[in-house]
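In the numbering used here, the protein residues as written are 1 to 347.
From the three backbone atoms N, C-alpha and C, an ideal C-beta is built for every residue, glycine too.
Data first, discussion second: the structure below is written as structure tokens.
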């Protein structure tokens with residue numbers, strides 16, 4: 001395979017721990033450049049990760065290096081700007097979640113990628129977990145029957161990220177919903193085949209994090225905590241189904257953290273983490289299927305590898321497309337609008 005040149009916009013933790021290892025594990029890929037806002041940061045990141053060039057300006061990098069692929073790993077506020085510019089310079093793009101802060105921006109990016117015949121993907125890595133793939137197969141076989149109730153959980157008892165910009169509303173667009181909840185939202189919508197949403201009703205709180213100075217993920221400044229620390233919602237579907245959502249950075253619950261999507265159908269129910277499918281017979285719980293993940297399969301790496309395969313025209317696995325990113329972002333935006341206004345939002 002002819003070498004593909006990769007550039008990374010945003011020299012932070014996710015670029016270093018997720019994107020760079022995934023690219024270097026794939027033949028025919030050469031990481032040629034990194035862009036970071038500060039010169040010293042860009043230089044240090046490039047040196048540490050053995051990247052030949054570094055820049056502080058995205059346009060300068062794109063024009064000089066002419067990469068084939070770009071990873072966007074910047075704060076949420078800049079996703080639209082950086083993805084758009086990379087697409088305009090004829091690069092395939094994979095962007096960290098969320099797609100954007102605005103659903104209008106997300107659909108513009110999807111349309112631009114189609115116009116230029118480029119691959120645009122979003123790095124919702126839980127979509128690539130073996131549990132998700134196996135449950136998808138089982139649901140395609142209609143083992144659950146008609147799924148009418150789904151519950152999305154992405155909760156932490158004391159898990160405010162103490163690094164990055166996760167408590168800055170302007171840069172992030174929100175708190176746990178747009179950071180961790182969005183991963184499980186994507187899984188749920190994918191497994192439900194992106195059903196049409198009728199109405200959402202949400203309530204958010206900021207009761208704990210602004211008054212504490214440290215948590216299990218590090219320290220933060222309570223005076224600069226600007227996002228929700230928990231959000232709860234009901235999502236009504238056009239087909240009559242219901243999705244319940246709970247997400248938090250800080251919440252007085254027993255488990256330290258909990259990440260899951262569960263489904264209830266008229267034939268059986270299922271849990272994603274751990275993957276189990278179960279039903280009731282004469283009042284007794286019967287397990288129809290269970291999966292113990294002993295493969296240590298790296299879903300983050302698989303997400304980026306699937307993206308690369310699509311860029312080379314050899315993609316057999318699915319990716320999180322621009323259109324799907326738009327649908328996820330539309331729901332996230334509606335949930336925040338409902339929580340902010342106190343009113344239900346119709347879609």
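Beta-carbon proximity check, residue i vs residue j, cutoff 9 Å
i, j, result
"residue 320", "residue 303", "yes"
"residue 172", "residue 76", "yes"
"residue 165", "residue 124", "no"
"residue 12", "residue 35", "no"
"residue 209", "residue 160", "yes"
"residue 356", "residue 69", "In the structure as shown, the chain begins at 1 and stops at 347. Residue 356 is therefore absent and cannot be evaluated."
"residue 310", "residue 25", "no"
Nearest to residue i (by Cα), restricted to the options the options
i, options, result
"residue 334", "208, 345, 237", "345"
"residue 269", "39, 70, 143", "143"
"residue 157", "259, 255, 20", "255"
"residue 116", "134, 101, 87", "87"
"residue 198", "245, 331, 179", "331"
"residue 154", "250, 6, 323, 290", "250"
"residue 207", "300, 310, 226, 99", "226"
"residue 275", "58, 252, 343, 294", "294"
"residue 135", "192, 178, 89", "192"
"residue 106", "237, 81, 91, 118", "81"
"residue 189", "282, 19, 167, 139", "139"
Neighbourhood of residue i by C-beta distance below 6 Å, restricted to the same chain and skipping five residues each side
i, result
"residue 1", "Below a pLDDT of 50, predicted positions are generally treated as unreliable, and residue 1, at 46, falls in that range; the measurement from the model is reported next regardless. 28, listed in sequence order."
"residue 83", "72, 93, 95, 109"
"residue 147", "263, 265"
"residue 176", "247, 248, 249"
Nonlocal neighbours in the same chain, by C-beta distance under 8 Å from residue i, ignoring five residues either side
i, result
"residue 288", "143, 268, 277, 278, 279"
"residue 339", "202, 203, 204, 228, 231, 233"
"residue 222", "209, 210, 211, 212, 213"
Own chain residues within Cβ distance below 7 Å of residue i, not counting five before or after
i, result
"residue 37", "56"
"residue 187", "126, 127, 132, 261, 272"
"residue 299", "125, 126, 128, 129"
Residue i beta carbon near the ligand SAH (any heavy atom closer than 8 Å)
i, result
"residue 165", "For the ligand SAH, the structure offers nothing, since it holds no ligand at all."
For residue i: DSSP bridge partner residues
i, result
"residue 204", "231"
"residue 263", "150, 270"
"residue 247", "154, 231"
"residue 279", "286"
"residue 236", "199, 242"
In chain order, which beta strand (DSSP E) runs of at least 3 residues are fully inside the segment 46-81?
Counting whole runs of 3 or more residues, the segment 46-81 contains the beta strand (DSSP E) stretches 53-55, 69-72.
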